[in-house]
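Participant: Under the working numbering, residues 2 to 245 are what the sequence shown spells out, in order. We treat Cβ as the ideally placed atom computed from N, Cα and C, and that holds for glycine.
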Amino acid sequence: MATSKGEGGLVEPSLWERLERPAPTRRASLTLEQIAAAAVELADEEGAAAVTMRRLATRLGVAPMAAYRHVSGKDDLWALMHDRVSAGITVPDEVTDWREVLYSFALQTRELMLRHLWLGQVPAPLVQLTPARMAIAERQLRALSGRDLDADSMMAAFRTVSAYVHGSAQSEIALRLYKEEHGWKSGDETRQALAPQMNYLMDSGRYPTYKEYALSATRKDDPAWEFAFGLDCVLDGIARRLEI
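#1: Does the distance from the CB of Leu20 to the CB of Ala39 come in under 7 Å?
#2: Select from Ala37, Ala80, Thr53 and Leu236 the residue whose C-alpha is nearest the C-alpha of Val102.
#3: Using the C-alpha atoms, what's the distance from Leu31 back to Arg111?
#4: Report buried or exposed for Ser87, applying the criterion of at least 16 other Cβ atoms within 10 angstroms of its Cβ.
#5: Verify whether the separation of the beta carbon atoms of Asp222 and Gly184 is less than 7 Å.
#6: May I have the straight-line CA-CA distance separating Thr26 from Gly147, to the nearest angstrom?
#7: Provide the residue span of the alpha helix (DSSP H) that contains Pro14, from first to last.
#8: Compare the Cα-Cα distances from Leu120 to each of Thr161, Ser172 and Met156 and report the closest residue.
#9: Just tell me which of Gly238, Gly89, Pro93 and Leu108 has its CA closest to the CA of Arg143.
#10: My assumption, with CB atoms under 8 Å, is that Ile36 sits in contact with Ala64. Please give the rounded CB distance.
#11: Could you check the C-alpha separation between Phe228 and Ser169 for me, to the nearest Å?
#12: Exposed or buried, Leu127, counting other C-beta atoms within 10 Å across all chains shown (16 or more means buried)?
#13: In three-state terms, what does DSSP make of Glu244?
#14: By the three-class DSSP mapping on this structure, what secondary structure does His71 have?
#15: Decide if Met246 is buried, meaning its Cβ has at least 16 other Cβ atoms within 10 Å, or exposed.
#16: What first and last residue would you give for the alpha helix (DSSP H) that runs through Ala50?
#17: Considering only C-alpha positions, which residue in the set Pro14, Gln198 and His117 is nearest to His71?
#18: Which same chain residues end up closer than 6 Å to Gln109 when comparing Cβ atoms and leaving out the 5 residues on each side of it in sequence?
#19: Does the separation of the CB atoms of Gln122 and Ala49 fall below 7 Å?
#20: State buried or exposed for Ser105, treating a residue as buried only when at least 16 other CB atoms are found within 10 Å of its CB.
Next up, the structure:
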């Protein structure tokens, strides 16, 4: 996050510069770490919409303006939240195979999004420039580097995997929330509730391939398998196209 100009045209340090500065001798009543932790807890409990500066201040036991002295608004807050939950995603340096690195990050990212459902509701993670997220990107790009790839191809490969991961996880989260909203506890309950619409469409004869899938598929309720299969397809395509 870039620096900004404050009063008198002075350049203010960025959010991340302030976060990484040594703590002052006198303990501050409120820190960015405390704000991030409280915001993540609130979002985990009640969803992204619940995270407002007023609700956050109440949880922290401070006046709303106290929080504004540390973060300028929602953009800073989302960035802090993304950074906090992303910090644990890593792959050991001794793992050098590019496919193994990207595969591991993909699985960890899906698991992270399923633990923190609000990640699918806040601004796209690709525009959240935080130290933790930059470290994740750096590690994957490093795994792809040194393989005679030009910079654009390397970045496109990384972003293609990221797009698949986030799109797939967001679809999974949306279905989970939709089922919870309607009180459907399983795939069978969901299909039973949707049976009138589905039966009409299938009986129309216009969708024979989909009907064959509906009657013969055995992994309808196995999103982890479906995710891993799709991820392998994406990585296979990258490997073949880039000859790596």
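Facilitator: In short:
#1: As a working note, residue 20 is residue 19 in the sequence shown. As a working note, residue 39 is residue 38 in the sequence shown. No, the Cβ-Cβ distance between Leu20 and Ala39 is not below 7 Å.
#2: As a position in the sequence shown, residue 102 is number 101, starting the count at 1. Minimum Cα distance to Val102 is reached at Leu236.
#3: Working through the sequence shown from its first residue, we reach residue 111 at position 110. Working through the sequence shown from its first residue, we reach residue 31 at position 30. Those two C-alpha atoms are separated by around 32 Å.
#4: Stepping through the sequence shown from its first residue, residue 87 is reached at position 86. By the 10 Å Cβ count, Ser87 comes out buried.
#5: Stepping through the sequence shown from its first residue, residue 222 is reached at position 221. Stepping through the sequence shown from its first residue, residue 184 is reached at position 183. In this structure, Gly184 does not lie closer than 7 Å to Asp222 by Cβ.
#6: Residue numbering aside, residue 26 sits at position 25 when the sequence shown is read from its first letter. Residue numbering aside, residue 147 sits at position 146 when the sequence shown is read from its first letter. Below a pLDDT of 50, predicted positions are generally treated as unreliable, and Thr26, at 49, falls in that range; the measurement from the model is reported next regardless. Distance between the alpha carbons of Thr26 and Gly147 is about 45 Å.
#7: Taking the sequence shown and counting its residues from 1, the one referred to as residue 14 is at position 13. Unbroken run through Pro14: none, as it is neither H nor E.
#8: Residue numbering aside, residue 120 sits at position 119 when the sequence shown is read from its first letter. Among Thr161, Ser172 and Met156, the Cα nearest to that of Leu120 belongs to Ser172.
#9: Locating residue 143 in the sequence shown gives position 142, counting from the first residue. Nearest C-alpha to Arg143: Pro93.
#10: Counting from 1 along the sequence shown, the entry for residue 36 is found at position 35. Counting from 1 along the sequence shown, the entry for residue 64 is found at position 63. Actually they do not touch by this definition, with Cβ atoms about 13 Å apart.
#11: Walking along the sequence shown from the start, residue 228 turns up at place 227. Walking along the sequence shown from the start, residue 169 turns up at place 168. The straight-line gap from Cα to Cα measures roughly 7 Å.
#12: Translated into the one-based positions of the sequence shown, residue 127 becomes position 126. Here Leu127 scores only 48 on pLDDT, less than 50, and its place in the model should not be relied on; the value that follows carries that caveat. The residue in question, Leu127, is exposed, as its Cβ has fewer than 16 Cβ neighbours within 10 Å.
#13: Looking up residue 244 in the sequence shown gives position 243. Of the three classes helix, strand and coil, the one that applies to Glu244 here is coil, per DSSP.
#14: Your numbering for residue 71 matches position 70 in the sequence shown. Three-state result, His71: coil.
#15: Since the first and last residues shown for the chain are 2 and 245, residue 246 lies out of range.
#16: Here the question's residue 50 lines up with position 49 in the sequence shown. Ala50 -> no alpha helix (DSSP H), and no H or E assigned at all.
#17: Looking up residue 71 in the sequence shown gives position 70. Considering only alpha carbons, the answer is Pro14.
#18: Position 108 of the sequence shown, counted from the first residue, corresponds to residue 109. Closer than 6 Å at Cβ, skipping near neighbours: Ile90.
#19: The sequence position of residue 122 within the sequence shown is 121, counting from 1. The sequence position of residue 49 within the sequence shown is 48, counting from 1. In contact: Gln122 and Ala49 (Cβ atoms closer than 7 Å).
#20: For the purposes of this step, residue 105 is taken as residue 104 along the sequence shown, with counting starting at 1. It counts as buried.
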